[in-house]
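A.B. asks:
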Amino acid sequence: MCSYGDALVQRVLIEDNVPKGSFSTLDLTKEHEQHGRTPLHLAANNGSLEVVRHLCLAGANVDAVAADGKTAEDLAHSEQHELIISLLGKLKKDTHKLSFIQQLRPTQSAQPRIKLKLFGHSGAGKSSLLESLKCGILRGLFRRKRTRISSNSRHPNSPVSSKPAVSASISNLYPGCENVSVRSRSMMFEPSLTKGVLEVFSPVTAALSATDDQATRAIDIQHGNINGVGEFSVWEFSGNPVYYCAYDYFAANDATAIHLVLFSLEEPYETQLGHITYWLNLLKALNLPQENIAFGGRVQRPLVVVLVATHADLADVPRTFSGEFTYDKENALLKEVRNRFGADLQISDSLFVMDAGASNSKDIKLLRSHLQELRANIISRCSPMTLLSERLLATLPTWRKLSGPNQLTSWQQFVSDVQEQLNPLVSQDHLRTLALQLHSMGEINIMQSETVQDVVLLEPRWLCSNVLGKLLSVETPKAIHHYRGRYRLEEVQALAPDSDVDELLQILDAMDVCARDATSPAMVDIPALIKTNGLRRSWTEEEEEEDSLLYGGVRLVPAEHLTPFPCGLFHKLQVNLCRWSHQKKPEEDGGGGGGEDFDGDIHLWTNGAKVSQGAAEAMILLVNHGQGVEIQVRGHESERAKCYALLDTACGITENLLASTLPGLITAKYYLSPQQLREHHAPVMVYQPKDFYRAQVQRESSLTNTMGGYRESFSSILSFGCAEVYQQGTLGKDVHIADVPLLARRKLCRMLDPPDALGKDWCLLAMNLGLTELVAKHSNGTPNGGGDAPPLAELDSAPQPSPTAALLAAWSLRADSTVGALMAKLRELGRRDAADFLLKASPVFRVNMEAVVVAAAAAANGYPPTCNGGTSYNSISSVVSR
Numbered sequence: 001m002c003s004y005g006d007a008l009v010q011r012v013l014i015e016d017n018v019p020k021g022s023f024s025t026l027d028l029t030k031e032h033e034q035h036g037r038t039p040l041h042l043a044a045n046n047g048s049l050e051v052v053r054h055l056c057l058a059g060a061n062v063d064a065v066a067a068d069g070k071t072a073e074d075l076a077h078s079e080q081h082e083l084i085i086s087l088l089g090k091l092k093k094d095t096h097k098l099s100f101i102q103q104l105r106p107t108q109s110a111q112p113r114i115k116l117k118l119f120g121h122s123g124a125g126k127s128s129l130l131e132s133l134k135c136g137i138l139r140g141l142f143r144r145k146r147t148r149i150s151s152n153s154r155h156p157n158s159p160v161s162s163k164p165a166v167s168a169s170i171s172n173l174y175p176g177c178e179n180v181s182v183r184s185r186s187m188m189f190e191p192s193l194t195k196g197v198l199e200v201f202s203p204v205t206a207a208l209s210a211t212d213d214q215a216t217r218a219i220d221i222q223h224g225n226i227n228g229v230g231e232f233s234v235w236e237f238s239g240n241p242v243y244y245c246a247y248d249y250f251a252a253n254d255a256t257a258i259h260l261v262l263f264s265l266e267e268p269y270e271t272q273l274g275h276i277t278y279w280l281n282l283l284k285a286l287n288l289p290q291e292n293i294a295f296g297g298r299v300q301r302p303l304v305v306v307l308v309a310t311h312a313d314l315a316d317v318p319r320t321f322s323g324e325f326t327y328d329k330e331n332a333l334l335k336e337v338r339n340r341f342g343a344d345l346q347i348s349d350s351l352f353v354m355d356a357g358a359s360n361s362k363d364i365k366l367l368r369s370h371l372q373e374l375r376a377n378i379i380s381r382c383s384p385m386t387l388l389s390e391r392l393l394a395t396l397p398t399w400r401k402l403s404g405p406n407q408l409t410s411w412q413q414f415v416s417d418v419q420e421q422l423n424p425l426v427s428q429d430h431l432r433t434l435a436l437q438l439h440s441m442g443e444i445n446i447m448q449s450e451t452v453q454d455v456v457l458l459e460p461r462w463l464c465s466n467v468l469g470k471l472l473s474v475e476t477p478k479a480i481h482h483y484r485g486r487y488r489l490e491e492v493q494a495l496a497p498d499s500d501v502d503e504l505l506q507i508l509d510a511m512d513v514c515a516r517d518a519t520s521p522a523m524v525d526i527p528a529l530i531k532t533n534g535l536r537r538s539w540t541e542e543e544e545e546e547d548s549l550l551y552g553g554v555r556l557v558p559a560e561h562l563t564p565f566p567c568g569l570f571h572k573l574q575v576n577l578c579r580w581s582h583q584k585k586p587e588e589d590g591g592g593g594g595g596e597d598f599d600g601d602i603h604l605w606t607n608g609a610k611v612s613q614g615a616a617e618a619m620i621l622l623v624n625h626g627q628g629v630e631i632q633v634r635g636h637e638s639e640r641a642k643c644y645a646l647l648d649t650a651c652g653i654t655e656n657l658l659a660s661t662l663p664g665l666i667t668a669k670y671y672l673s674p675q676q677l678r679e680h681h682a683p684v685m686v687y688q689p690k691d692f693y694r695a696q697v698q699r700e701s702s703l704t705n706t707m708g709g710y711r712e713s714f715s716s717i718l719s720f721g722c723a724e725v726y727q728q729g730t731l732g733k734d735v736h737i738a739d740v741p742l743l744a745r746r747k748l749c750r751m752l753d754p755p756d757a758l759g760k761d762w763c764l765l766a767m768n769l770g771l772t773e774l775v776a777k778h779s780n781g782t783p784n785g786g787g788d789a790p791p792l793a794e795l796d797s798a799p800q801p802s803p804t805a806a807l808l809a810a811w812s813l814r815a816d817s818t819v820g821a822l823m824a825k826l827r828e829l830g831r832r833d834a835a836d837f838l839l840k841a842s843p844v845f846r847v848n849m850e851a852v853v854v855a856a857a858a859a860a861n862g863y864p865p866t867c868n869g870g871t872s873y874n875s876i877s878s879v880v881s882r
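In UniProt numbering, the protein residues as written are 1 to 882.
#1: Does the distance from the C-beta atom of L345 to that of P302 stay below 7 angstroms?
#2: For V229 versus R368, is the C-beta distance shorter than 7 angstroms?
#3: Checking 7 angstroms against the spacing of the C-beta atoms, do V501 and K669 come in under that value?
#4: Measure the C-alpha to C-alpha separation of Q632 and A618 and round it to an integer number of angstroms.
#5: Could you tell me which whole alpha helix (DSSP H) segments of length 4 or greater appear in the segment 700-782?
#6: Does the contact criterion of 3 or more C-beta pairs under 8 angstroms hold for the segment 669-678 versus the segment 292-307?
#7: Using alpha carbons as the reference points, say which of A641, N406, L351 lies closest to R338.
#8: What separation, rounded to the nearest whole angstrom, lies between the Cα atoms of A246 and V308?
#9: From R827 to N624, what distance separates their C-alpha atoms?
#10: Identify the continuous beta strand (DSSP E) that holds M447 and give its terminal residues.
#11: Can you name the residues that DSSP bridges to A616?
#12: Could you name the residues of the same chain whose beta carbon sits closer than 6 angstroms to that of Q800, not counting the 5 residues immediately before and after it, in chain order?
#13: Can you check whether the CB of K362 is closer than 7 angstroms to the CB of residue 905?
#14: Hey, L505 and V524 are a contact pair by Cβ (cut 8 angstroms); roughly how many whole angstroms apart?
#15: Once DSSP output is grouped into helix, strand and coil, what is the label at S842?
#16: Looking only at C-alpha atoms, which of G357, D94, N281, G342 sits nearest to L128?
#17: If you count every other CB in all the chains shown that lies within 10 Å of the CB of D248, and 16 or more means buried, which is it?
#18: Could you pull the start and end residues of the alpha helix (DSSP H) that S128 belongs to?
#19: Three or more C-beta pairs under 8 angstroms: does that hold for the segment 553-573 against the segment 647-663?
#20: Whole-angstrom Cβ separation of A72 and L40, contact assumed at under 8 angstroms?
#21: Check L422 in the structure and name its three-state DSSP category.
#22: Just the C-alpha distance for E199 and R340, rounded to the nearest angstrom, thanks.
#23: How big is the Cα-Cα spacing for G483 and T661?
#24: Over the uninterrupted alpha helix (DSSP H) stretch that includes A641, give me the two end residues.
#25: Short check: CB of L425 to CB of L57, under 7 angstroms?
#26: Who are D220's beta bridge partners in DSSP?
#27: If you draw a straight line from the C-alpha of R488 to the C-alpha of R516, how long is it?
#28: Exposed or buried, what is F321 when buried is set at 16 or more other beta-carbons lying within 10 Å of its beta-carbon?
#29: Taking DSSP as the reference, what is the three-state secondary structure of I276?
#30: So, with DSSP's three-state summary, where would you put S209?
#31: Which residues does DSSP list as the beta-bridge partners of S264?
#32: Return the chain-ordered ranges of every alpha helix (DSSP H) run that is complete within the segment 460-529 and spans a minimum of 4 residues.
#33: Considering only the alpha carbon of each residue, which of A343, E266, E270 lies closest to D316?
#34: Return helix, strand or coil for D816, following the three-state DSSP convention.
#35: I'd like to know if the segment 837-850 and the segment 767-776 are in contact, where contact means that at least 3 CB-CB pairs between them fall below 8 angstroms.
#36: Identify, in the order they occur along the chain, each residue of the same chain with its Cβ nearer than 6 angstroms to the Cβ of D498, setting aside the five sequence neighbours on each side.
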């Protein structure tokens with residue numbers, strides 16, 4: 001309570017030897033100096049509302065009179081502390097105060113339900129499985145299977161048949177190649193700029209966009225009973241990629257939920273593994289990494305995941321004598337999945353193979369039994385209900401009606417409403433525990449933010465099922481601007497007639513689902529809805545100025561698993577690029593030289609975007625079946641610094657978006673051949689970190705382009721040949737270990753923490769680095785296990801810290817602690833695997849920030865990146881608070 005800044009109350013607590021954060025040992029009746037006042041008098045007089053609240057909860061007498069005859073309420077009146085006056089006024093009657101205190105005490109009632117979330121590609125059988133799980137024995141006898149969509153539309157032969165490692169749904173995440181001029185709203189076109197790479201996106205456009213009355217829209221939320229298991233709040237996430245851009249706020253925000261990941265056995269094995277990897281990577285990537293790394297890089301409270309293989313009947317999977325399906329690749333698949341995600345997710349030991357429509361099958365019964373066990377285990381670790389939580393449950397329907405057209409409220413307003421209308425003694429900390437319980441039950445959704453406060457969604461179904469389901473549905477009208485991903489405000493209003501369209505669009509803008517253009521206020525851009533194919537004059541056709549242009553670029557890829565970026569990342573990137581472009585238009589229109597350097601236009605198509613800044617322009621593309629984001633920049637040779645500034649800005653927008661949306665995803669940055677970009681050669685040579693490292697070790701300053709048969713200098717690849725920038729940069733081998741991202745260090749801990757039979761672990765590394773004192777300090781109690789997440793029963797115990805993390809922290813205090821030095825030690829140790837990963841995940845080129853500012857100033861327009869991470873003006877909490 002000392003954090004509230006009341007020096008006098010702090011002194012009272014110190015005098016009474018009250019432990020920090022506790023009032024249990026405080027003598028609430030003891031009179032201190034200053035007119036014989038009690039702690040409550042002092043707190044009320046000094047305006048310490050939370051201290052007053054805690055003292056009253058601890059049993060302080062609100063009617064106690066000081067030596068001068070004044071009560072705590074009298075003192076609050078004299079100082080005009082209105083909130084304290086209101087609080088003390090509600091507690092005058094002992095019966096009221098005792099009732100409020102009783103409401104905060106745990107009851108014998110357990111939490112009645114938790115969430116069950118279902119993920120899987122379209123056609124995996126999520127809805128069918130839910131119907132089967134809900135069926136009782138009698139109902140199951142009469143239940144007919146729902147008609148399935150034809151295999152041709154759900155699972156097209158191309159491109160899966162030719163590329164089995166890439167799923168149909170994901171590899172066609174961004175079909176077509178339309179280009180949209182957001183500013184002029186005129187139709188413009190771009191060809192496929194990565195010839196031979198993106199053709200995979202177009203064959204099944206119609207299949208994914210076709211109307212399907214049975215398909216789930218966005219996130220379908222239901223509260224109900226699963227037969228033989230218990231009460232759940234069921235969240236079914238659609239497998240249609242158009243909705244993915246809204247999943248980051250809902251998919252992995254509850255450690256008490258059970259996550260079912262479904263995949264179809266009709267697909268080839270590599271595709272099955274690819275589908276599973278996509279969804280597990282999504283769950284992993286959405287989890288914010290902890291600063292304090294635990295042993296083996298384990299997550300403190302990993303999400304619970306159950307794998308379900310469906311369509312076993314259609315795939316002719318054999319059965320055992322007892323009737324269950326038996327999948328011959330089950331063990332291999334589970335082993336591979338656990339190797340990839342075992343340290344990040346709590347994956348069940350069994351794979352459940354079934355016909356999702358056979359509600360009375362033994363396979364469904366086995367799944368029910370497993371869900372019942374998981375549910376009981378999770379609920380046993382949840383806080384019991386309180387009378388206040390039950391009262392709040394009963395009050396929520398009324399609040400939803402009173403909240404107006406939009407069901408979002410700020411956390412501070414939620415706290416205020418509970419304290420004013422239900423219980424004045426509940427503190428913010430206590431209420432957060434209660435709100436998280438309601439969040440766990442699916443009654444509300446807490447949308448967390450890095451800004452000042454979080455946001456409470458009072459009715460998740462309103463946003464997840466109703467608004468997003470209608471706005472992003474493929475059944476929306478097909479006006480020409482819809483194909484270009486643009487809606488008029490009145491059309492959005494028609495899709496959500498009960499909502500305030502301006503407030504709703506601010507919320508969707510904060511979620512990176514749409515972008516509004518201040519220069520075209522009647523329109524809103526929704527990149528996920530861009531559909532039309534077309535061609536337009538591209539870089540490859542512009543030859544008149546080629547001799548005076550220079551090129552450069554990078555490719556950002558997931559560093560761990562070969563899988564598409566999750567959560568509609570590219571749609572969100574297009575939104576952020578729109579926002580960045582729109583924010584520059586006022587500068588352009590307002591004069592002052594801005595218009596000369598920024599043309600204010602952005603062109604979008606389903607697999608890319610093009611922006612311009614002065615004499616430089618950038619192309620941002622989704623490549624390699626959604627597994628990479630490429631940023632290509634070109635400009636005049638006289639504008640090298642401007643080219644670098646634009647590349648740095650585009651990279652900053654992308655990396656900030658990755659950090660805010662997918663904080664658990666490790667990415668690597670590769671560099672593109674400037675010469676081949678200039679020649680419009682396809683495919684383009686990609687230089688990886690290992691190429692730069694190898695050249696550095698050999699004291700070379702250029703790389704060999706094996707495809708073109710020539711060498712390219714570091715300077716041309718990394719900085720457009722701009723000497724001012726290149727000279728201020730640090731190359732990968734010389735980058736300090738402190739600049740290695742937290743996620744990469746966590747992965748190193750996962751690799752080096754477990755004891756190695758040959759001693760090739762952190763202990764020997766510590767001795768090789770001259771830090772032998774750390775060996776004795778961290779060797780005691782080292783677990784023998786590997787990197788898998790701990791069982792559910794062990795989740796609440798305090799995790800053991802990572803010795804590798806402690807080693808890296810201590811070693812990083814030295815000036816000579818570089819990536820190259822650590823790699824050399826790891827290779828001496830025989831841990832090439834760890835050395836190779838460190839190299840892949842470490843920065844290739846770090847520029848002194850002051851040098852970037854100088855370069856930007858020289859370029860006249862070096863704009864900082866803008867996205868919704870951190871404390872952006874467009875963050876959800878700032879939108880709701882406004």
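We treat Cβ as the ideally placed atom computed from N, Cα and C, and that holds for glycine.
Everything numeric in this text was worked out from a predicted model, so none of it was measured.
C.D. replies: Taking the coordinates as given:
#1: Position 345 of the sequence shown, counted from the start, is the residue given in the question as residue 345. Position 302 of the sequence shown, counted from the start, is the residue given in the question as residue 302. The answer is yes: Cβ separation under 7 angstroms.
#2: In the sequence shown, residue 229 corresponds to position 229, counting from 1. In the sequence shown, residue 368 corresponds to position 368, counting from 1. The Cβ atoms of V229 and R368 lie closer than 7 angstroms to each other.
#3: Here residue 501 corresponds to residue number 501 of the sequence shown, with the count starting at 1. Here residue 669 corresponds to residue number 669 of the sequence shown, with the count starting at 1. Contact flag unset, no.
#4: As a position in the sequence shown, residue 632 is number 632, starting the count at 1. As a position in the sequence shown, residue 618 is number 618, starting the count at 1. The alpha-carbon atoms of Q632 and A618 are separated by roughly 5 angstroms.
#5: 714-719, 723-726, 742-752, 762-768, 773-779
#6: no
#7: Along the sequence shown, read from residue 1 onward, the residue named residue 338 stands at position 338. Selected option, being the one with the closest Cα: L351.
#8: On the sequence shown, position 246 is the one that residue 246 refers to. On the sequence shown, position 308 is the one that residue 308 refers to. So the two alpha carbons sit approximately 24 angstroms from each other.
#9: Here residue 827 corresponds to residue number 827 of the sequence shown, with the count starting at 1. Here residue 624 corresponds to residue number 624 of the sequence shown, with the count starting at 1. About 31 angstroms.
#10: Here residue 447 corresponds to residue number 447 of the sequence shown, with the count starting at 1. Start and end: 445-447.
#11: Taking the first residue of the sequence shown as 1, we reach residue 616 at position 616. Q613.
#12: The residue given as residue 800 occupies position 800 in the sequence shown. Once the five neighbours on either side are set aside, the close Cβ partners of Q800 are F295.
#13: Nothing in the structure corresponds to residue 905, since the chain is present only between 1 and 882.
#14: Residue 505 sits at position 505 when you count from the first residue of the sequence shown. Residue 524 sits at position 524 when you count from the first residue of the sequence shown. Indeed they touch by this definition, with Cβ atoms about 6 angstroms apart.
#15: Along the sequence shown, one-based indexing puts residue 842 at 842. Residue state, collapsed to three classes: coil.
#16: What you label residue 128 is simply residue 128 of the sequence shown in a count that begins at 1. What sits at residue 128 in the sequence shown is Ser, not Leu. S128 has its Cα closest to that of G357, out of G357, D94, N281, G342.
#17: Taking the first residue of the sequence shown as position 1, residue 248 is located at position 248. Looking at its Cβ environment, which holds 16 or more other Cβ atoms inside 10 Å, D248 is buried.
#18: To locate residue 128, count along the sequence shown from 1; it is residue 128. Residues 126-134.
#19: yes
#20: Position 72 of the sequence shown, counting from 1, holds the residue named residue 72. Position 40 of the sequence shown, counting from 1, holds the residue named residue 40. At roughly 5 angstroms, the Cβ-Cβ gap stays under 8 angstroms, so A72 and L40 are in contact.
#21: Along the sequence shown, one-based indexing puts residue 422 at 422. Coil, per DSSP.
#22: Translated into positions along the sequence shown, residue 199 becomes position 199. Translated into positions along the sequence shown, residue 340 becomes position 340. Residue confidence for E199 is low, a pLDDT of 31 falling below 50, so the modelled location carries little weight; the figure read from the coordinates is stated next. Looking at the two C-alpha atoms, the distance is approximately 29 angstroms.
#23: The residue you call residue 483 lines up with position 483 of the sequence shown. The residue you call residue 661 lines up with position 661 of the sequence shown. The question names Gly, but residue 483 is Tyr in the sequence shown. Rounded to the nearest angstrom, the two C-alpha atoms are 26 angstroms apart.
#24: Taking the sequence shown and counting its residues from 1, one reaches residue 641 at position 641. Where A641 is concerned, the enclosing alpha helix (DSSP H) stretches over 640-661.
#25: In the sequence shown, the residue the question calls residue 425 occupies position 425. In the sequence shown, the residue the question calls residue 57 occupies position 57. It is a contact, given that the beta carbons lie within the stated cut-off.
#26: The count along the sequence shown starts at 1 and reaches residue 220 at position 220. DSSP, once it has assigned bridges, lists E236 as partnering D220.
#27: Position 488 of the sequence shown, counted from the first residue, corresponds to residue 488. Position 516 of the sequence shown, counted from the first residue, corresponds to residue 516. Between the alpha carbons of R488 and R516 lies a distance of about 11 angstroms.
#28: Counted from its first residue, the sequence shown places residue 321 at position 321. Exposed: under 16 other Cβ atoms inside 10 Å.
#29: As a working mapping, residue 276 is identified with position 276 in the sequence shown. Helix, per DSSP.
#30: What you label residue 209 is simply residue 209 of the sequence shown in a count that begins at 1. Unreliable positioning characterises S209 in this predicted model, as indicated by a pLDDT of 43, which lies under 50. A coordinate reading is not provided.
#31: By one-based count along the sequence shown, residue 264 stands at place 264. Bridge partners of S264: T310.
#32: 468-471, 480-483, 489-495, 501-510
#33: Locating residue 316 in the sequence shown gives position 316, where the first residue counts as 1. With distances taken between Cα atoms, D316 lies closest to E266.
#34: Mapped onto the sequence shown, residue 816 falls at position 816. Here D816 sits in coil by DSSP.
#35: no
#36: To locate residue 498, count along the sequence shown from 1; it is residue 498. Here the set comprises P405.
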